[in-house]
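Worksheet for the structure shown next.
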Amino acid sequence: MRLSVQEAPFDLGAESQAFAAGAAGAGAVVTFTGIVRDNGGALSAMEIEHYAGMTEKAIAAIMDEAAGRWALVDALVIHRFGRLAGGEMIMMVATAAPHRADAFAAAEFLMDYLKSRAPFWKKELGPEGAAWVAAKDADEAALLRW
Amino acid sequence: MRLSVQEAPFDLGAESQAFAAGAAGAGAVVTFTGIVRDNGGALSAMEIEHYAGMTEKAIAAIMDEAAGRWALVDALVIHRFGRLAGGEMIMMVATAAPHRADAFAAAEFLMDYLKSRAPFWKKELGPEGAAWVAAKDADEAALLRW
Amino acid sequence: MSVEVLYFAWVRERIGLPRERVQTDAATVADLIAELVAREDRYAMAFADLASLRVALDQELASFDAPLAGVREVAFFPPMTGG
Amino acid sequence: MSVEVLYFAWVRERIGLPRERVQTDAATVADLIAELVAREDRYAMAFADLASLRVALDQELASFDAPLAGVREVAFFPPMTGG
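Residue numbers (numbering that gives the first Met the number 0), protein chains in the order written: chain A, 0 to 145; chain B, 0 to 145; chain C, 0 to 82; chain D, 0 to 82.
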């Protein structure tokens, strides 16, 4: 399992390929990639703040929890912070398991927990100014299914 | 939307990167990759038979159904046939949507339907000989959730 | 009438060929199967358990009681195992 | 005792600084908040609605009634929006 909290962009293609190639015994690999939406062509930007130190611990705890719940061969989390332009990739998750149900469930679990339990805060920088992204009730509710 | 039924290997990294980069307006990209499991190091091989002509139609119908059910920006299905060695990638699915729930649901839906409704048949070539993979009740049951 | 009949996976292996042209007056898929089964043992073996078989008419999944009128291509195969 | 207090996102913006060292005899997080709110309006503004705030003690999420004994680092922030 690997986790990286970084300001620099990551290479989704290279990461996906290396992750799948390295997951010995896996029959199923799922990846999720989060992208800064460009709202209808009006490219917005995003500033992501995080709690250095706690971030890595919180993500590691979430990954350990996933590894305990599903038969995972491997897992990967990369999450960026700092300023991102519209269309840039914010983060990715990858899971590898013998069977697809475990790979999908673990990836969705990791995403649900990263959304609401990893200390990141997004600020959208749009044409009308900057605004902190509000946490969605739906994201908190999503945790209840696990 | 793109679908390819092919004998040649595909490049997961290049496909994932190109898919995510081309999905304008997407906030979430999910990929699934199916890999020939090497059973405990004893590399097995697989022979995948398909019904040329029907295969493309069946997959296109499944993709249309997914596009009608979820707010997808784009979708991709690549499925190989012929002989594959242990560790080789069999197929991939990618979905792009504004929000993660749609991207995940559509990818799982595509996988569930590809498993049981696209005309592919897998034959495992192991140390004890060749055997057609039996359809699992769980795969048929998985369709009931949609 | 004359239809193209295709076999896949272990159905193909039991019958020993991937496709053949069949002259038939069968009204339904089930009637066609009955005609084939009456031919030779290898067909009887392939069609012994219909619950483990699927059929497609002109490349669309169908049921065993579906009519054959106007159909050009019939395919028999086990449950699919793609993905 | 002395604790390092960190602020993130709009909590940081309202209070006007990312972290500060605080001398306090507060027994719980809630007591610490009460002391901060009594200091200046910018703290009162930041802590006006506790339902929209989260707290971490030594980098673990905690509740507002958690004791502060032995804690070195307290962080206040809005609900997280990662992913």
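We treat Cβ as the ideally placed atom computed from N, Cα and C, and that holds for glycine.
Keep in mind that this is a model prediction, so the values were computed, not measured.
Check                                                                                                                              : Outcome
Local Cβ density within 10 Å of ARG1 of chain B, reported as buried at 16 or more and exposed below that                           : exposed
Ordered list of beta strand (DSSP E) runs contained in the stretch 92-137 of chain A, each at least 3 residues                     : 119-125 and 128-131
Nearest residue (CA-CA) to GLU72 of chain D, options D:LEU56, D:ASP64 and D:LEU16                                                  : D:LEU56
The stretch 13-25 of chain D touching the stretch 36-55 of chain D, judged by at least three CB pairs closer than 8 angstroms      : yes
Stretch-stretch touch, CB-based, cutoff 8 angstroms, three pairs: the stretch 130-141 of chain A with the stretch 56-64 of chain B : no
First and last residue of the uninterrupted beta strand (DSSP E) at GLU46 of chain A                                               : 44-49
Residues bridged to PRO78 of chain D (per DSSP)                                                                                    : Bridge partners of PRO78 of chain D: none, in fact.
For LEU11 of chain A, the three-state DSSP class (helix, strand or coil)                                                           : helix
Backbone CA spacing between ARG36 of chain A and GLU48 of chain A [nearest angstrom]                                               : 18 angstroms
Partners in chain A for ALA13 of chain B, counting only beta-carbon separations shorter than 9 angstroms                           : GLY12 and GLN16
N- and C-terminal bounds of the beta strand (DSSP E) containing GLY81 of chain A                                                   : 81-84
Identified DSSP bridge partners for MET90 of chain A                                                                               : A:GLY33 and A:HIS78
Cutoff 7 angstroms; reference PHE7 of chain C; Cβ partners in own chain excluding five residues on either side                     : ALA74 and PHE76
For LEU52 of chain D, the residue or residues it bridges with in DSSP                                                              : Bridge partners of LEU52 of chain D: none, in fact.
Residues from the stretch 108-123 of chain A in contact with chain D, defined by Cβ distance under 7 angstroms                     : MET110, LEU113, LYS114, SER115, ARG116, ALA117, PRO118, PHE119, TRP120 and LYS121
For LEU5 of chain C, the nearest candidate out of B:ALA140, B:PRO118 and B:PRO126 (CA to CA)                                       : B:PRO118
Residue range of the alpha helix (DSSP H) that includes ARG1 of chain B                                                            : Counting along the chain, ARG1 of chain B falls outside any alpha helix (DSSP H), though it belongs to the beta strand (DSSP E) covering 1-5.
When A:SER115, A:PRO126 and A:GLU6 are compared against ALA141 of chain A, the one with the closest alpha-carbon                   : A:SER115
Alpha carbon of MET45 of chain B to alpha carbon of VAL10 of chain C, nearest angstrom                                             : 18 angstroms
Closest residue to MET79 of chain C among B:PRO97, B:ALA19 and B:MET53 (Cα-Cα distance)                                            : B:MET53
Simplified DSSP state of THR27 of chain C, which is helix, strand or coil                                                          : strand
GLY85 of chain A and SER43 of chain A closer than 9 angstroms at C-beta                                                            : yes
Rounded straight-line distance, which links the Cα of GLY81 of chain C to that of GLU6 of chain B                                  : 14 angstroms
MET10 of chain D in three-state terms, based on DSSP                                                                               : Note on residue identity: the sequence assigns Val, not Met, to residue 10 of chain D. Reduced to three states, the DSSP call for VAL10 of chain D is helix.
Within-9 angstroms CB hit, ALA133 of chain B to chain C                                                                            : yes
Stretch pair the stretch 88-102 of chain B + the stretch 27-36 of chain B: three plus CB contacts closer than 8 angstroms          : yes
Cβ of GLY125 of chain B within 9 angstroms of any chain A Cβ                                                                       : no
Under the three-state DSSP convention, the category ARG144 of chain A falls into                                                   : helix
Start-to-end residues for the alpha helix (DSSP H) that takes in GLU19 of chain D                                                  : No alpha helix (DSSP H) contains GLU19 of chain D, which is instead part of the beta strand (DSSP E) from 18-22.
Which residues DSSP lists as bridging VAL4 of chain C, in chain order                                                              : C:GLU19 and C:VAL73
Residues sharing a beta bridge with VAL28 of chain B, DSSP                                                                         : A:THR32 and B:ALA95
C-beta neighbour in chain A for GLU69 of chain D, strict 9 angstroms                                                               : The amino acid occupying residue 69 of chain D in the given sequence is Gly; Glu does not appear at that position. With 9 angstroms as the cut-off, GLY69 of chain D does not count as an interface residue toward chain A.
Alpha carbon of TRP145 of chain B to alpha carbon of ALA29 of chain C, nearest angstrom                                            : 30 angstroms
Minimum Cβ-Cβ distance from GLY128 of chain A to chain D less than 9 angstroms                                                     : no
MET62 of chain B beta carbon less than 9 angstroms from that of ARG99 of chain A                                                   : no
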